[in-house]
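First residue of the sequence shown: 77, per my numbering; consecutive thereafter.
From the three backbone atoms N, C-alpha and C, an ideal C-beta is built for every residue, glycine too.
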Amino acid sequence: MYNASIVANALLQRGFKESRRDVTPMKVQKLVWFLNGWHLAITGEPSIIQPFEAWQYGPVVSSIYHGLKKFGGSPVTDYIKEYDPATSTFTAYVPSSEDKKFAEILDLTWEKYIGIDAIGLSAMTHVPGSPWFVARQHGQSNIDNTLIKNYFVGLARNPTAAA
């Protein structure tokens, strides 16, 4: 498991490498959501340490929100940086290239979802029965990883489903 900003940075790194101009803060949030869901379904473990929160407009990791809010609805042009006390600088971290399983799931997620705009990805997180939908129905502030895992395992069994 990684800090959510590290996973977001891995997606941003891929977007920068491909010179994409459609990777907005909302799209990063949704890509992290799908990456984490598929990671749970494939490995049984989440990709991120922080929970997804059931915000009014969809699943959100608040640290990613705060790390990228300066971009508003515009494309993200820089990584999320964290303070490194060892060097007294702000540094952008990405997952180790040694983590092959994470890289495979990132590639799977990227290929499946990068062509969908942020609004479309958001709509996919809001379908009835989705983990966000269920959490909101039950008044839960966080979305349970077991709920996310079971949902994505169901998607794997039924590839024509919403996500």
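CA-to-CA distance, residue j to residue i, given in whole angstroms
{"i": "I181", "j": "N112", "result": "9 Å"}
{"i": "V210", "j": "T119", "result": "23 Å"}
{"i": "Q213", "j": "T163", "result": "45 Å"}
{"i": "E94", "j": "H115", "result": "23 Å"}
{"i": "A194", "j": "K103", "result": "5 Å"}
{"i": "D154", "j": "G196", "result": "23 Å"}
{"i": "I190", "j": "L184", "result": "10 Å"}
{"i": "W131", "j": "G215", "result": "11 Å"}
{"i": "G149", "j": "K225", "result": "29 Å"}
{"i": "K176", "j": "K188", "result": "18 Å"}
Cβ-based neighbour list, residue i, same chain, cut-off 8 Å, excluding 5 preceding and 5 following
{"i": "F166", "result": "K157, E158, Y159, D160"}
{"i": "E129", "result": "P135, V136, V137, S138, S217, N218, I219"}
{"i": "E121", "result": "M77, H115"}
{"i": "W186", "result": "L87, R90, L107"}
{"i": "I125", "result": "M77, Y78, N79, A80"}
{"i": "N221", "result": "L116, P122, P127"}
{"i": "S198", "result": "M102, K106, Y133, G134"}
{"i": "L223", "result": "P207, V210, A211"}
Chain-order list of residues whose beta-carbon lies under 6 Å from that of residue i (same chain, five-residue window excluded)
{"i": "F178", "result": "P171"}
{"i": "A84", "result": "V104, V108, I140, I156"}
{"i": "Y227", "result": "P207"}
First and last residue of the uninterrupted beta strand (DSSP E) at residue i
{"i": "A130", "result": "128–131"}
{"i": "K157", "result": "157–160"}
{"i": "G120", "result": "It is not in any beta strand (DSSP E) - G120 carries neither H nor E in the DSSP assignment."}
{"i": "V136", "result": "134–136"}
{"i": "T185", "result": "Premise fails: T185 lies in the alpha helix (DSSP H), 176–189, not in any beta strand (DSSP E)."}
{"i": "T100", "result": "Neither: T100 is in no beta strand (DSSP E) and is coded neither H nor E."}
{"i": "T163", "result": "No beta strand (DSSP E) contains T163, which DSSP labels as neither H nor E."}
Opening and closing residue of the alpha helix (DSSP H) in which residue i lies
{"i": "G196", "result": "194–201"}
{"i": "A257", "result": "Residue 257 lies beyond the stretch modelled for the chain, which goes from 77 to 239, so this question has no answer here."}
{"i": "G149", "result": "Premise fails: G149 is in no alpha helix (DSSP H) and is neither H nor E."}
{"i": "N85", "result": "80–93"}
{"i": "P207", "result": "207–213"}
Neighbourhood of residue i by C-beta, 7 Å cutoff - its chain only, sequence neighbours within 5 removed
{"i": "P151", "result": "R97, D98, V99, T100"}
{"i": "V229", "result": "A117"}
{"i": "T201", "result": "K106, W109, G134, P135, W208"}
{"i": "P204", "result": "none"}
(message) Between the stretch 162–175 and the stretch 134–146, can you find at least three pairs of beta-carbon atoms closer than 8 Å?
(response) Contact fails between the stretch 134–146 and the stretch 162–175, because fewer than three Cβ pairs, one in each stretch, are under 8 Å apart.
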